[in-house]
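Number of protein chains: 2
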Amino acid sequence: MSSKVTTELLKQLCQVMRSSKHITEPIQAYIVPSGDAHQSEYIAPCDCRRAFISGFDGSAGTAIITEQNAAMWTDGRYFLQAASQMDNNWTLMKMGVKDTPSQEDWLVSVLPEGSRVGVDPFIISADQWKRMSKVLRSAGHTLVPVSENLIDVVWVDRPQRPCKPLITLGLSYTGVGWKEKITILRLKMAERKVPWLVVTALDEVAWLFNLRGSDVEYNPVFFAYAIIGINSIRLFIDGDRMTDPAVRKHLQLDSTLEPEFKIQVLPYESILTELQAICTGLSPKEKVWLSDKASYALTEAIPKVHRYLTPYTPICLGKAVKNEAETAGMRRAHIKDAVALCELFNWLEKEVPKGTVTEISAADKAEEFRSQQNDFVELSFATISSTGPNGAIIHYKPVPETNRTLSMSEIYLLDSGAQYKDGTTDVTRTMHFGTPSAYEKECFTYVLKGHIAVSAAIFPNGTKGHLLDSFARSALWDTGLDYLHGTGHGVGSFLNVHEGPCGISYKTFADEPLEAGMVVSDEPGYYEDGSFGIRIENVVLVVPAETKYNFKNRGSLTFEPLTLVPIQTKMIDVHLLTQKECDWVNNYHQKCREVIGAELERQGRHEALQWLLKETGPITRMQ
Amino acid sequence: MSSKVTTELLKQLCQVMRSSKHITEPIQAYIVPSGDAHQSEYIAPCDCRRAFISGFDGSAGTAIITEQNAAMWTDGRYFLQAASQMDNNWTLMKMGVKDTPSQEDWLVSVLPEGSRVGVDPFIISADQWKRMSKVLRSAGHTLVPVSENLIDVVWVDRPQRPCKPLITLGLSYTGVGWKEKITILRLKMAERKVPWLVVTALDEVAWLFNLRGSDVEYNPVFFAYAIIGINSIRLFIDGDRMTDPAVRKHLQLDSTLEPEFKIQVLPYESILTELQAICTGLSPKEKVWLSDKASYALTEAIPKVHRYLTPYTPICLGKAVKNEAETAGMRRAHIKDAVALCELFNWLEKEVPKGTVTEISAADKAEEFRSQQNDFVELSFATISSTGPNGAIIHYKPVPETNRTLSMSEIYLLDSGAQYKDGTTDVTRTMHFGTPSAYEKECFTYVLKGHIAVSAAIFPNGTKGHLLDSFARSALWDTGLDYLHGTGHGVGSFLNVHEGPCGISYKTFADEPLEAGMVVSDEPGYYEDGSFGIRIENVVLVVPAETKYNFKNRGSLTFEPLTLVPIQTKMIDVHLLTQKECDWVNNYHQKCREVIGAELERQGRHEALQWLLKETGPITRMQ
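In order, the protein sequence lines correspond to chains W and S.
Per UniProt numbering, the first sequence starts with residue 1, numbered consecutively.
Per UniProt numbering, the second sequence starts with residue 1, numbered consecutively.
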């Protein structure tokens with residue numbers, strides 16, 4: 001990788017920071033966070049402003065530019081990449097490393113007295129603003145919102161904001177029509193006596209209106225906001241997407257409708273002025289509901305007395321609990337996904353020994369098999385196809401410079417998934433095409449024990465995911481091993497592969513209580529730097545559990561695997577399994593045989609079916 | 001229980017709330033929290049102001065008195081007790097019950113516009129103040145500190161603040177002298193560049209100076225504050241305690257000392273003016289370290305720019321990690337405690353069949369046996385001696401009205417502990433003197449499995465206790481059972497039986513990472529309302545664990561039981577145990593035999609020794 005030359009760009013930016021054409025009063029520093037106006041995890045090219053100004057295109061990082069300095073904060077995953085992508089104008093600030101100053105502290109140390117620090121108020125979240133503003137203020141500086149994005153001023157060939165066609169989803173996919181969703185939402189608003197709600201997260205807008213898009217790679221979302229009133233609906237969306245007859249029909253834009261379901265379509269950019277206008281008309285006790293993760297610009301548009309902030313909107317919570325149609329869709333999607341992976345693994349078993357398969361070609365082949373399936377839309381994230389030491393890089397994505405050939409002597413880890421019109425998948429399998437060492441099998445088996453411990457756990461209704469995290473680690477901990485990531489994340493229904501508000505992690509954020517219908521991943525791992533990586537991931541559905549007793553009538557929950565892809569038994573040291581764990585593996589493989597076997601048969605994929613049957617034979621603990 | 005007549009008292013209090021003699025401007029409401037100026041869990045009689053004004057003497061509750069109303073907030077443990085102890089002047093506010101208003105919301109709903117709400121700034125913590133003040137202010141009211149406690153004005157026969165003699169602890173008990181502790185503390189202060197630290201928690205003052213007291217029942221502490229400067233020590237303490245030659249010698253008050261170890265003894269009440277004086281002399285960048293749980297009065301005395309607040313002081317963190325002398329002392333204390341309990345259980349086995357033993361007499365007998373042990377000081381909390389349905393009341397304390405006779409047909413639960421000069425104990429055993437039912441055994445065995453799962457857990461250095469909580473519940477969860485309390489709390493070394501900053505709970509507060517030398521309890525339970533209660537509690541020491549591998553060189557930890565009291569094998573359904581669990585029980589009992597057996601022998605307690613040997617025979621899983 002070569003670094004981007006940024007001298008001229010930074011000079012231009014500094015000029016803009018002083019220019020009365022773009023800013024009322026000069027600023028002495030400008031903050032460029034990652035992210036877009038919707039606080040999305042994945043962003044569109046037009047929003048990659050931090051990458052444009054610095055050259056560093058990792059998924060996490062914040063740039064700050066002053067007259068004299070340019071500094072980049074990023075975490076351990078990206079130290080090497082950032083250092084190689086940025087030129088000498090930039091100072092790398094290694095987050096999590098002792099003595100690295102925080103952004104605020106650094107600003108205080110380099111700025112002249114009474115400085116003004118600018119930031120785009122749509123890109124920074126309200127809570128980040130609050131934290132930074134407090135420190136700057138106490139040191140005599142001011143954090144100021146700069147409404148024109150100053151990177152955009154110097155970014156002459158900045159891509160357009162994507163404005164791709166929309167997909168409408170019928171009741172067979174969504175289970176609940178958008179009008180019914182709005183009605184349920186309004187009930188929640190009435191319960192809290194809040195007459196207005198602002199929807200800022202892209203997946204929440206998509207879910208609410210049963211629409212999907214492709215403005216952001218991997219995430220079937222589109223750029224839009226919505227404001228839901230007790231009697232009105234405003235949708236802020238650009239382009240000619242609303243001229244599509246299918247969309248007009250879906251949203252009933254040309255029908256005679258009860259006025260409370262009439263959608264007022266407004267330009268994307270008008271959200272702020274429209275929200276301000278709504279707030280002007282509020283009576284003293286009326287509130288506006290907004291996620292506390294929303295942008296500073298929208299939060300600030302609501303006068304403090306009218307703000308009703310919660311960590312999650314009722315849309316986020318409703319979206320997390322999949323209904324019957326969504327659950328059925330997720331099952332279908334996972335069956336198709338398993339078919340594609342059986343084809344892939346069968347192909348790999350034949351091709352790897354020839355020495356012609358690389359991490360990239362394997363990933364491409366996986367995509368090819370997936371794309372043959374019905375209702376396939378795109379991948380749900382960049383495929384992690386890694387062998388040998390690359391497997392130990394948790395967020396690895398093969399590129400030509402690192403591309404490694406799959407072999408008979410190294411562990412291969414494939415973490416991949418897809419968007420189908422009926423559901424989103426995310427699955428990791430770890431395999432060996434030759435003979436794994438005893439140590440590799442031992443580690444794999446501990447990871448498997450952890451996977452099973454979570455998957456088979458029974459726990460009370462309303463348990464938070466963080467309480468299950470240790471179950472995944474216990475077998476590793478017993479021998480002094482561990483892995484440095486969470487155990488699971490929420491998964492959307494033909495939506496983002498990572499979604500809130502639930503998960504399974506030692507971290508206690510994004511941790512709303514689990515309830516039946518939620519979908520999360522179960523993905524413990526073990527990584528040996530420079531040698532190999534192991535991860536076993538299923539997407540699992542939270543389901544009611546039958547128990548002998550029922551304390552305080554609370555009811556119990558457990559998980560049902562939606563992912564039905566064989567777990568390589570060759571990698572298992574059966575002596576390390578309990579009988580219960582052994583039974584779990586055999587039952588799981590029996591279900592793979594039945595469900596995926598039938599589908600492979602139906603699709604006439606006989607070779608893959610033979611592979612499935614071979615891989616799902618029962619294992620036994622030798623006594 | 002009969003209710004206290006409070007009509008006259010409340011009238012007097014309302015007069016005081018308007019009286020210019022006691023308050024500069026009338027207040028319309030007065031808040032009376034539980035607790036003292038040190039935010040102690042256990043309080044002295046002179047600090048039981050909420051109980052005095054209302055009659056309700058449970059451990060948790062907040063009273064608010066306005067011209068027209070008197071209301072009491074308390075939690076589910078105390079609904080019945082509060083209702084029966086308070087007269088009609090009082091409205092019971094059931095916390096945790098839907099539609100119960102918060103204190104702030106209630107105040108807003110009953111107060112006339114622009115009201116002033118008073119509270120003793122020493123009794124309310126800074127964070128409680130902040131929360132309440134914010135809500136009141138946004139509704140147009142003001143929270144005001146009232147420096148004279150208004151309850152004390154109307155409480156004519158209020159007890160004196162206790163001022164009992166002090167105990168000095170030598171190096172054999174503490175391992176580290178107070179001067180060395182001060183030196184270590186000053187290093188921590190220097191690391192953070194903070195020249196001053198205010199010590200407000202009573203157990204922190206006691207630990208720092210290697211002194212103990214008896215001002216508060218069950219807690220060997222004394223009323224005092226300290227302010228540690230880089231070059232000075234101020235101890236705020238009342239009475240003639242500093243005239244005791246042993247104390248003077250211990251603190252070297254009459255010796256020629258390096259000036260930085262010279263203790264300036266000041267009156268208890270002068271803490272505020274002294275702290276204010278210190279703050280007046282601070283240079284702009286100098287800070288004063290204080291726990292964020294300290295009182296509003298002391299927090300507010302430090303100008304905001306000079307405040308350095310952390311959840312825990314370095315004293316709290318240092319105190320939690322027991323050194324070798326403290327660990328050895330804890331071991332000795334637990335051996336003596338086990339001797340006393342072996343005597344008790346042997347006695348109970350003989351006496352219970354006669355039908356003459358009650359919950360109260362059993363508790364008294366336990367205290368009698370404990371008091372025969374060397375260095376016994378007092379109990380460490382009110383003994384929970386409960387049989388049958390009383391066992392299901394988690395914080396039960398037998399009183400004549402509820403006192404039940406122990407029988408051959410009911411489960412007996414004893415949760416008790418003591419303060420010895422060398423350590424603090426806290427142990428729960430559950431037993432049956434006749435034949436337990438299959439269901440009782442089943443539940444007991446699930447609780448035991450949970451106890452073992454925590455006790456035998458191996459986990460990485462620095463793991464937080466909340467990550468271990470589910471291990472204690474897993475066996476119960478599997479059958480739909482659970483218990484509604486945390487699994488463990490920190491235990492002091494001849495100090496408070498509940499101490500921060502670590503614990504094992506599904507709640508994530510008081511949850512600093514576990515490290516070797518910390519001492520916590522392991523006490524899962526199961527409670528069937530109206531029938532029985534089961535709890536198995538050991539105090540355990542965090543110790544390094546030997547593991548096969550050592551991921552990232554982090555090292556691993558596990559627990560070593562300090563409590564060595566037999567677990568009644570009659571209550572165990574061995575078929576529900578794994579071989580590993582069976583081995584754990586047998587190893588534990590083997591250690592009880594060896595260690596406690598030797599001590600019983602040494603003390604010539606032959607009958608109790610026979611009982612111990614009988615109770616610790618190995619169990620086997622019938623194949």
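Where a beta carbon is used, it is the ideal one built from N, C-alpha and C, also for glycine.
Think of a sphere of 7 Å around the beta carbon of residue 550 (chain W): the chain S residues whose beta carbon falls inside it are 480, in chain order. Taking each of W:246, W:409 and W:553 in turn and checking the Cα distance to residue 440 (chain W), the smallest one comes out for W:409. In this structure, the straight-line span from the alpha carbon of residue 435 (chain W) to that of residue 354 (chain W) is close to 16 Å. The region 240–289 of chain S contains, as complete beta strand (DSSP E) runs of 3+ residues, the segments 263–266 (chain order).
Inclusion of residue 185 (chain S) and residue 89 (chain S) in the CB contact set at 9 Å is not warranted, their separation being larger than that value.
Restricted to the region 140–182 of chain W, the alpha helix (DSSP H) segments that are unbroken, complete and at least 4 residues in length are 150–154 and 171–174, listed in chain order. Counting every other CB atom within 10 Å of its CB across the protein chains shown gives residue 84 (chain S) a total below 16, marking it as exposed. Residue-level contact check: residue 311 (chain S) does not touch chain W, since none of the beta carbons of chain W fall below 9 Å from its beta carbon. Residue 347 (chain W) and residue 570 (chain W) have their C-alpha atoms spaced approximately 17 Å apart. Assigned with DSSP and collapsed to three states, residue 79 (chain W) falls in helix. Under the Cβ criterion (8 Å, minimum of three pairs), the region 552–560 of chain S does not count as touching the region 485–501 of chain W.
Residue 196 (chain W) places its beta carbon less than 9 Å from that of residue 289 (chain W).
For residue 506 (chain W), the chain S residues whose Cβ falls inside 7 Å of its Cβ are 467, in order along the chain. Here residue 448 (chain W) really is in contact with residue 567 (chain W); their C-beta atoms are around 7 Å apart, less than 8 Å.
The beta-carbon of residue 224 (chain W) is placed no less than 9 Å from the nearest beta-carbon of chain S. In the three-state DSSP reduction, residue 415 (chain W) falls in the strand class (E or B). The beta carbon of residue 3 (chain W) sits closer than 7 Å to the beta carbons of 55, 84, 85, 86 and 87 from its chain, once the five residues preceding and following it are set aside; these are given in chain order.
Taking 8 Å as the upper bound for CB-CB distance, residue 118 (chain W) and residue 144 (chain W) are in contact here, some 5 Å apart. Contact of residue 547 (chain W) with chain S by beta-carbon distance below 7 Å involves 479 and 480. Between residue 472 (chain W) and residue 522 (chain W), the gap from beta carbon to beta carbon is short of 9 Å.
Burial state of residue 219 (chain S) is buried, judged by a 10 Å Cβ sphere holding 16 or more other Cβ atoms. Closest in alpha carbon position to residue 395 (chain W), among W:587, W:383, W:172 and W:124, is W:383. The C-beta of residue 138 (chain S) comes closer than 9 Å to at least one C-beta of chain W.
Among the CB atoms of chain S, none fall inside 9 Å of the CB of residue 94 (chain W).
Nearest in C-alpha terms to residue 264 (chain W), of all of W:226, W:73 and W:516, is W:226. Scanning chain S for C-beta atoms nearer than 7 Å to the C-beta of residue 458 (chain W) yields 477 and 478, reported in chain order. In the three-state reduction of the DSSP assignment, residue 27 (chain W) falls in the coil class, being assigned neither a helical nor a strand state. DSSP places residue 105 (chain W) in the helix class (H, G or I) of the three-state scheme.
Taking C-alpha positions only, residue 498 (chain S) is separated from residue 518 (chain S) by approximately 13 Å. DSSP links residue 489 (chain S) through a beta bridge to S:503. With fewer than three CB-CB distances shorter than 8 Å, the region 530–539 of chain W does not count as touching the region 306–316 of chain W. Nearest to residue 564 (chain W) by alpha-carbon distance, out of W:545, W:544, W:547 and W:537, is W:537. Less than 9 Å divides the Cβ of residue 159 (chain S) from the Cβ of residue 44 (chain S).
DSSP places residue 538 (chain S) in the uninterrupted beta strand (DSSP E) bounded by 538–545.
Under DSSP, the beta-bridge partners assigned to residue 522 (chain S) are S:538. Per DSSP, reduced to three states, the secondary structure at residue 219 (chain W) is strand.
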